[in-house]
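A short write-up of the structure that comes next.
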Amino acid sequence: MDTQNLTHRTTPTTDDDDTAAVRTNTVDDVDENKETRRPKTVLANRGLKTMGIAITLPILLTLTNIYFFGSNNNYRLTSRPTWVPPIWALHAACLGSAGLMGLSGWMVWAEGGFHRKPGMMGLYLGQLGLGLVWDPVVFGMRANGVGLMVGLGVCYALWRCYRSFREVNKTAADLVLPCLGWAGLLAFVNLKFLLT
């Protein structure tokens with residue numbers, strides 16, 4: 001073994017002057033940390049506000065949609081199998097799905113995914129728009145065939161969101177999966193009503 005290339009590391013000795021300098025530097029560092037904490041808390045509060053908006057806005061749009069188009073006596077009175085949810089559960093799950101997608105979209109936005117790939121924003125807004133169109137088509141117009149196409153469109157948009165979000169944030173992509181399952185069930189319910 002070549003011992004000429006080895007170096008010996010020693011610990012520096014400290015004098016009283018050096019420790020005083022170290023002490024004053026640590027006090028200054030603490031003061032600087034206090035100054036840098038304030039902007040971090042401002043950024044954190046700003047992040048919470050944007051997250052609240054990102055989750056609340058789709059939920060409010062879905063609630064408005066349910067209020068205007070969410071009741072249909074034909075859906076309530078039809079003899080449906082046990083796997084078809086009652087109307088209150090359908091609306092509650094739609095609200096939950098809107099909230100999850102809002103959170104997922106916010107996580108991608110916070111990572112800068114929508115800025116790097118603007119197509120992801122189109123996919124996100126597309127699934128939100130198609131999800132909002134489903135209630136008026138199925139309950140308002142009673143067009144189950146069109147509702148099936150809308151439901152399949154929501155499934156496709158959510159699948160593309162899942163694949164795109166996975167490149168940016170895996171947790172955000174995992175939040176899309178329950179929404180995708182729910183949209184698949186809605187499309188299957190539409191198929192059931194179309195065939196009966």
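All the letters of the sequence shown, read from the start, carry residue numbers 1 to 196 under UniProt numbering.
Note that beta-carbon positions come from the ideal geometry of N, C-alpha and C, so glycine has one too.
request  = Note the first and the last residue of the continuous alpha helix (DSSP H) segment covering V168.
outcome  = N144 to V168
ask   = With a Cβ-Cβ cutoff of 8 Å, do W106 and A173 count as a contact?
value = Not a contact, by the Cβ cut-off of 8 Å.
task = Could you tell me how far apart the beta carbons of G102 and I59 are, in whole angstroms, since I believe they sit closer than 8 Å?
result = With 8 Å as the limit, G102 and I59 qualify as a contact, their Cβ atoms being about 7 Å apart.
query = Are the beta-carbon atoms of G140 and L194 separated by less than 8 Å?
reply = Their beta carbons are not under 8 Å apart, which means G140 does not touch L194 by this criterion.
ask   = Could you give the C-beta distance for V176 and L148, rounded to a whole number, given that I count them as a contact under 8 Å?
value = Under the criterion of beta carbons closer than 8 Å, V176 and L148 do not qualify as touching, at roughly 21 Å.
key: Alpha-carbon spacing of G151 relative to L132, whole angstroms   = 11 Å
inquiry  = Please state whether the Cβ-Cβ distance between G99 and V168 is less than 8 Å.
reply    = no
Proximal residues to W121 (C-beta, below 6 Å), its chain only, five neighbours per side dropped = The sequence shown places Met at residue 121, not Trp. Around M121: F114.
ask   = What are the boundary residues of the alpha helix (DSSP H) that M107 is part of?
value = I87 to A110
ask   = From L95 to V108, what does the alpha carbon distance come to, in whole angstroms?
value = 20 Å
ask   = Just how far apart, CA to CA, sit G119 and L125?
value = Going from the Cα of G119 to the Cα of L125 covers about 10 Å.
inquiry  = In this structure, how does DSSP classify W134 when only helix, strand and coil are distinguished?
reply    = helix
key: Counted within 10 angstroms of its Cβ, other Cβ atoms place A89 as buried (16 or more) or exposed   = exposed
ask   = Helix, strand or coil: how does DSSP classify T82 here?
value = coil
ask   = Using a Cβ-Cβ cut-off of 7 Å (strictly less than) and excluding sequence neighbours within five positions of T50, which residues of its own chain qualify?
value = W106
ask   = Just the Cα atoms here: how many angstroms apart are P86 and W182?
value = 14 Å
message = I believe W134 touches L185 by the beta-carbon criterion, under 8 Å. Please report the beta-carbon distance rounded to the nearest angstrom.
response = That belief does not hold up - the Cβ atoms of W134 and L185 are roughly 12 Å apart, past 8 Å.
request  = Note down the Cα distance separating G70 from Y162, rounded to an integer number of angstroms.
outcome  = 27 Å
key: Nearest candidate by alpha-carbon position, reference L57, set R160, S97 and N190   = For L57, the nearest C-alpha among the options comes from S97.
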